[in-house]
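Before any comments, here is the structure.
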Amino acid sequence: MSRNLVVIGNGMAGMKAVEEIISASPDAFNITVFGAEPYGNYNRILLSPVLCGEKSIEDILINSFEWYEENNIRLFAGEDKTVVRIDRSQKIVYAADGTQAPYDRLLIATGSQPYILPLPGNDLSGVMAFRDIYDVNKMLSYTESCRHAIVVGGGLLGLEAANGLAQRGMHVTVVHHHSALLNRQLDKAAALLLQQELEGRGIHFKLSSSTQEICDNGQGHVGSVKFKDGSQLACDLFVMAVGVRPNMALAQSAGIYCEQGIMVSDTLQTFDPSIYAVGECIQHRGQTFGLVAPLFDQAKVCANHLSGHGVAEYKTLPTATKLKVSGIQLFSVGNFIGDEYCEFITFKDPDAKAYKKLVIQNQCIVGVVLYGDASQGSWFHRLMEAQTDISEFRDSLIFGEHYCALPPTTNEEAA
Amino acid sequence: MKTANIDIIDTVEQDTSTQIIKSTCAYCGVGCGLNIEISQVDHSIKVSGDADHPANYGRLCSKGSALAETLSLEGRLLHPEVHGKKVSWPSAISAVAEGFQKIIAEHGPDAVAFYASGQLLTEDYYVANKLMKGYIGSANMDTNSRLCMSSSVAGHKRAFGSDTVPNCYDDLDHAELIILIGANSAWCHPVLFQRIQRAKEVNPALKIVVIDPRKTNTCDIADLHLPLNSGSDTALFNGLLTYLAQNNKLDTAYIENHTESFEQAISAAQNDAGTIQQVAKLCQIDPQDIETFYSWFADTDKTMSLYSQGINQSSSGTDKVNSILNCHLATGRMGKIGSGPLSLTGQPNAMGGREVGGLSNQLAAHMAFYDQDRSIVSEFWKTDQLSVKQGLSAVEMFNAIATGTVKAVWIMATNPVSSMPNADEVKRALELCELVVVSDCVENTDTLDLAHIKLPAAGWSEKDGTVTNSERRISRQRAFNPLAGEAKPDWWIISEVAKAMGFDEAFNFQCAADIFREHAALSAFKNDSAHLLRDFNLKGLEAISNQAYEVLEPIQWPILEQGSIGTARMFETGNFFTENRKARFIPISTKSAVNIPSEAYPFILNTGRIRDQWHSMTRTGLSPRLNLHKPEPFVEIHPNDLLKLQLKQGELAVLSSQWGSMLARIEESQEVKPGMVFAPMHWTFQLSSQGRVGAVVNPAVDPISFQPESKHTPIRISGFESRWQGFILCQTKLKLDALNYRVDIRGEHYWRYEIADQEMTLDELKILVEKQINDNAEEKASLAWQHYEDPASQLLRLACFNNGQLILVLMVQDKHSSLPERAWLSSLFSGAENMAEIRPTLLSGKPPVGVANVGKQICACFNVGENTIKGLISAEKLTTVSEIGKACQAGTNCG
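Respectively, the protein sequence lines represent chains A and B.
Read in numbering that gives the first Met the number 0, the first sequence has 254 at position 255, and its numbers run on one by one without any break.
Read in numbering that gives the first Met the number 0, the second sequence has 356 at position 357, and its numbers run on one by one without any break.
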């Protein structure tokens with residue numbers, strides 16, 4: 000007779016784990032899922048295309064309600080189904096509306112919430128983050144009535160938001176504290192090409208500057224923004240995309256040990272052996288997470304243990320970044336800035352808006368930045384992860400797989 | 000591409016009239032006849048072999064086939080210049096005349112000199128010789144034939160009493176044994192080589208022996224190759240003479256009736272190389288092979304001995320020639336059908352030069368400086384100024400210039416700063432010389448760079464006169480292009496100077512035919528036993544009319560009466576031109592080279608020609624396809640030596656002797672013996688930074704012929720440690736003199752530069768190139784640059800596009816071996832490819848997947864690539880060379 004698994008959080012990480020468990024050992028658990036959003040599980044990564052109008056909500060749904068039924072998963076979705084308490088001694092979780100579910104095993108996948116800058120005026124209407132379908136719909140409605148958008152944060156999410164809003168016809172300015180866009184993902188050269196491209200699409204940039212105050216237009220709505228440099232810009236939509244914070248309040252209140260996030264072991268187990276956690280809510284070996292790839296890896300490892308195989312261990316690997324702005328190909332992974340111990344292979348064709356940089360150490364790729372043509376990104380990533388010695392085909396490496404005869408397994412010196 | 004163009008021309012010609020002018024090839028001494036087809040539509044010129052010409056019967060080699068590509072006015076010298084200023088002809092002429100007169104007045108006639116060339120026509124040569132020896136009164140008239148032929152001349156004279164080539168090409172079709180000695184005919188006389196090839200096809204019994212330290216392409220048809228030690232030829236032939244005597248293979252009757260001094264010769268031979276064992280030791284070859292060679296020679300009446308620079312360019316060159324002639328005299332094989340010696344001359348008119356007396360130890364028309372000779376010539380020339388003694392030979396001449404005893408020199412149609420041995424010294428000599436006059440058809444040569452007075456001479460396609468080939472055959476060279484700019488025929492320039500010096504009536508020539516008639520008349524003048532019987536006699540042509548001269552058919556001298564068809568063979572009756580009409584045996588003892596290898600200079604440098612280039616490349620260098628065969632100065636080194644030197648194929652080597660040094664690309668080769676290396680003679684300052692082999696070659700000369708020992712210089716070899724190596728392909732000409740190593744190679748629609756440097760950083764190189772491109776561009780804005788850099792591997796690759804059109808590719812790397820192939824990248828300059836598609840991965844140097852790469856050119860005549868041929872072979876299951884020829888034309892012309 001199977002035991003109860005309760006999953007808190009109907010997001011990508013939690014549901015990936017559930018899918019893995021179902022495929023691994025279908026009958027191991029009666030599964031109950033609590034989700035604070037009134038939908039099935041959807042692909043959060045594709046919210047940007049929805050904002051641009053390139054995709055609809057339906058397009059990005061991963062698991063419809065039918066899927067939960069078909070797999071006999073009890074889904075409690077909606078704001079009133081937000082889990083508010085975990086009783087670890089009774090092993091029961093309680094939702095806001097009193098719904099309760101007992102568990103033998105509990106999986107916390109409460110994800111993260113956007114960081115809201117502690118600025119005067121951050122409570123005005125027209126000030127928002129970019130996190131979920133609710134935010135997207137809100138932004139879309141603003142695009143009807145508003146003209147001037149300011150997006151704070153020149154990271155992936157910020158640029159995707161800015162692009163979406165610009166495509167919806169708004170006058171968008173991206174404000175970034177750093178002098179280069181995507182400074183976590185790109186080197187200066189690539190960042191500059193990206194900036195030129197986006198400027199070409201009508202997006203404005205205010206770099207190396209930060210916001211001082213969000214000003215009321217008199218009706219409790221944002222009207223303009225003051226910056227630390229004293230300048231001021233008209234604004235009636237203010238979007239913050241300055242990172243996320245793990246959602247760990249619930250776990251903390253249940254006495255589960257947290258630091259920046261819910262602390263987990265290499266098996267994604269919390270300090271309570273019957274409680275696991277995956278996704279943006281966790282902290283693993285001092286690291287928190289914001290990109291999807293590691294979340295899926297966590298989900299796999301976690302599922303492996305929940306379904307009783309108990310062999311896998313989670314290890315954080317360098318994650319490749321892609322910007323989901325149509326027509327822009329960029330890719331980066333690893334130590335793409337490099338240091339004095341690194342060698343650099345670069346390719347530049349400014350007129351063709353092409354830039355490639357490979358960072359090499361001991362004849363292995365340790366970092367990659369691609370702009371313009373990112374088609375070889377995953378191949379470079381594979382070589383990097385496999386630590387392949389590239390000396391045999393170093394001259395052609397940057398031109399991609401087709402141009403490189405990978406070293407023969409048998410050593411044919413003559414050839 | 001190329002063949003396609005030719006096809007188009009062909010079809011055009013079918014329905015329009017094409018003017019055909021017969022002429023003679025500009026290159027080697029085979030003297031091939033040409034049909035110059037001039038399209039009346041687009042005036043395009045097509046050069047093909049003249050099927051009626053006995054020298055080639057329609058065949059041409061790769062160089063001859065490409066003649067039409069060398070006719071552009073680009074790089075031509077078009078105006079007279081005095082001290083860097085353009086001047087009119089009259090003032091140029093008087094500048095030369097006064098310059099010479101002044102020095103003659105102050106220092107006497109021997110303070111001036113002419114240095115001429117086997118590229119001159121007989122008529123040009125005659126006038127130059129007449130002026131110097133007949134009127135200036137010095138015999139300081141020498142020619143680059145000194146570097147090429149003079150040992151044969153001296154050998155002939157010692158044996159025959161005259162400089163006579165007894166046999167002819169036709170004999171190759173009758174011979175049953177052909178010996179090629181020190182001659183890579185496959186590359187240097189390709190059309191004769193093919194004739195021999197065909198003779199062997201017709202008569203499989205025909206045996207071919209190649210005697211050469213190198214296993215050259217000529218060995219491909221050899222039944223026996225004797226890779227003897229450089230310089231040991233005399234031992235081999237002394238051994239042969241001994242063998243003939245020991246085995247009663249001598250023609251005693253012939254020796255008795257037609258020769259003298261046999262005893263001295265045979266005893267010298269026996270002392271030198273009495274046994275095959277001795278020969279084997281001296282020559283370092285297998286005694287079995289020697290035995291085979293000797294027995295073949297002994298038993299084959301119809302034996303032809305062909306020899307060239309391997310024999311001539313030696314400090315014992317004259318002895319080598321005579322050691323060969325001795326064996327032919329001893330067997331009575333002289334001037335008979337299919338039997339006799341045949342010296343292969345290097346240049347188109349080396350023989351013509353010898354006929355007029357172009358060498359400083361000749362007077363004129365095969366006469367010397369004996370009183371009788373001199374009185375005949377002065378009477379004929381009506382001069383009392385005739386030089387009394389022989390003059391300075393080439394090496395002596397430039398030494399005399401260096402020491403200042405010769406103060407004025409007029410260099411005609413040759414480039415001693417690159418072709419002379421110890422060439423750096425020659426350069427210094429000319430830099431010191433008071434007056435350097437150079438007449439040439441091109442604008443820049445290493446020698447012209449040092450000229451005070453430059454005289455624009457007519458180019459090959461504009462010249463009208465005669466040349467003589469290796470078999471004494473006089474052929475007309477006919478003008479089919481108008482004179483370029485203000486260029487003038489050499490004979491005209493020399494005559495004008497002569498007149499300006501006050502020798503009016505003696506040089507009052509109106510046309511080439513005037514000169515030819517006088518030349519013929521001199522050869523016939525008092526040419527009889529009553530006075531002075533000479534071999535060279537053109538009596539039959541002394542009265543030739545202008546029309547008859549115009550249509551003169553190729554004909555072999557002597558031509559004793561009008562209407563004669565000439566003389567195919569000499570000495571058939573065994574009468575020679577010594578006083579007693581007997582040929583002379585010359586006792587020969589083997590001498591080692593003057594400069595022998597030492598610990599400091601352990602290798603022997605051998606030099607020579609390559610298949611697709613001619614001399615200093617001023618013409619062949621203009622032909623893209625000819626530049627593909629051997630694009631760079633190279634040195635062939637045996638693998639064992641490379642191992643010792645720790646050098647590799649494709650790396651750059653420094654070749655240095657105690658006289659000078661050069662840089663060359665290493666070619667690993669089994670064709671050279673260990674300890675011996677080979678480098679080509681062609682590269683000059685114009686096309687390379689340090690590719691002049693002349694700078695390395697020692698100035699030792701043969702004591703009799705004064706011919707330099709160009710095939711034996713002790714050298715040291717070391718690797719060239721470059722910071723980086725690479726190449727540039729560029730639509731326009733770049734100035735890269737700043738680089739240690741630089742070779743300019745003209746391609747189709749582009750220039751290719753092979754480069755390397757020891758200090759220059761990649762950034763400096765980038766700036767050097769980018770600046771020139773930017774400065775050349777009409778509007779910088781239309782330029783787009785691509786950069787690919789890997790500093791850790793000293794890798795820099797650049798591409799530049801002008802409005803999307805590729806105009807430059809630069810590829811530089813730490814190792815030469817890791818550079819991409821040039822063929823495909825070069826092809827992109829034709830503009831045919833779709834750049835947009837190629838651009839993203841262009842700098843990989845590899846075609847995008849699916850784009851064919853024709854590969855390295857194999858056939859220069861039809862420009863067929865290696866991969867193309869390989870492709871056809873596999874696709875069409877081709878098994879023989881001729882099948883390949885059918886499939887893609889490759890190899891159907893020059894073989």
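Glycine is no exception: its CB is placed at the ideal position from the N, C-alpha and C atoms.
These figures come from a predicted structure and were not determined experimentally.
Quick one: which chain A residues come within Cβ less than 7 Å of residue i?
i	result
residue 788(B)	345
residue 817(B)	394
Between residue i and chain A, is the shortest Cβ-Cβ distance under 7 Å, so that the two count as touching?
i	result
residue 591(B)	no
residue 785(B)	yes
residue 845(B)	yes
residue 791(B)	yes
Starting from residue i, find everything on chain A with Cβ-Cβ shorter than 8 Å and list it in chain order.
i	result
residue 838(B)	348 and 351
residue 776(B)	Near residue 776(B) there are no residues of chain A at all, since even the closest Cβ is about 14 Å away, more than 8 Å.
Relative to the C-alpha of residue i, which candidate in the options has its C-alpha closest?
i	options	result
residue 122(B)	364(B), 597(B) and 718(B)	364(B)
residue 219(A)	133(A), 122(A) and 308(A)	122(A)
residue 580(B)	188(B), 255(B) and 440(B)	255(B)
residue 741(B)	764(B), 747(B), 730(B) and 748(B)	764(B)
residue 430(B)	348(B), 80(B) and 408(B)	408(B)
residue 12(A)	44(A), 273(A) and 1(A)	44(A)
residue 766(B)	496(B), 737(B) and 376(B)	737(B)
residue 791(B)	161(A), 340(A), 116(A) and 383(A)	340(A)
residue 842(B)	798(B), 221(B) and 193(B)	798(B)
residue 440(B)	670(B), 539(B) and 69(B)	69(B)
residue 237(B)	230(B), 265(B), 259(B) and 247(B)	265(B)
residue 375(A)	319(A), 267(A) and 88(A)	319(A)
Where do the ends of the beta strand (DSSP E) carrying residue i lie?
i	result
residue 363(A)	363-370
residue 900(B)	With chain B represented from 0 up to 894, any question about residue 900(B) goes unanswered, as that position is not in the structure.
Are the C-beta of residue i and some C-beta of chain B separated by less than 7 Å?
i	result
residue 370(A)	no
residue 402(A)	yes
residue 398(A)	yes
At 9 Å on the CB atoms, spell out the chain A contacts of residue i, in chain order.
i	result
residue 794(B)	344, 393 and 394
Terminal residues of the continuous alpha helix (DSSP H) containing residue i?
i	result
residue 328(A)	From DSSP, residue 328(A) is part of no alpha helix (DSSP H); its letter is neither H nor E.
residue 133(A)	132-144
residue 770(B)	761-775
residue 101(B)	88-106
residue 424(B)	422-431
residue 680(B)	Premise fails: residue 680(B) is in no alpha helix (DSSP H) and is neither H nor E.
residue 241(B)	232-245
residue 197(A)	187-199
residue 194(B)	189-201
residue 635(B)	First-last for residue 635(B): 633-636, but that is the beta strand (DSSP E), not the alpha helix (DSSP H).
Kindly list, in the order they appear in chain B, the residues whose Cβ is closer than 9 Å to that of residue i.
i	result
residue 335(A)	In chain order: nothing, as chain B lies at least about 16 Å away.
Closer than 7 Å by beta-carbon distance: list the chain B residues that pair up with residue i, in chain order.
i	result
residue 364(A)	Those within 7 Å of residue 364(A) in chain B number zero; the least Cβ separation is about 13 Å.
Mind checking the segment 53-83 of chain B against chain A and listing, in chain order, the residues whose C-beta falls within less than 8 Å of any C-beta there?
none
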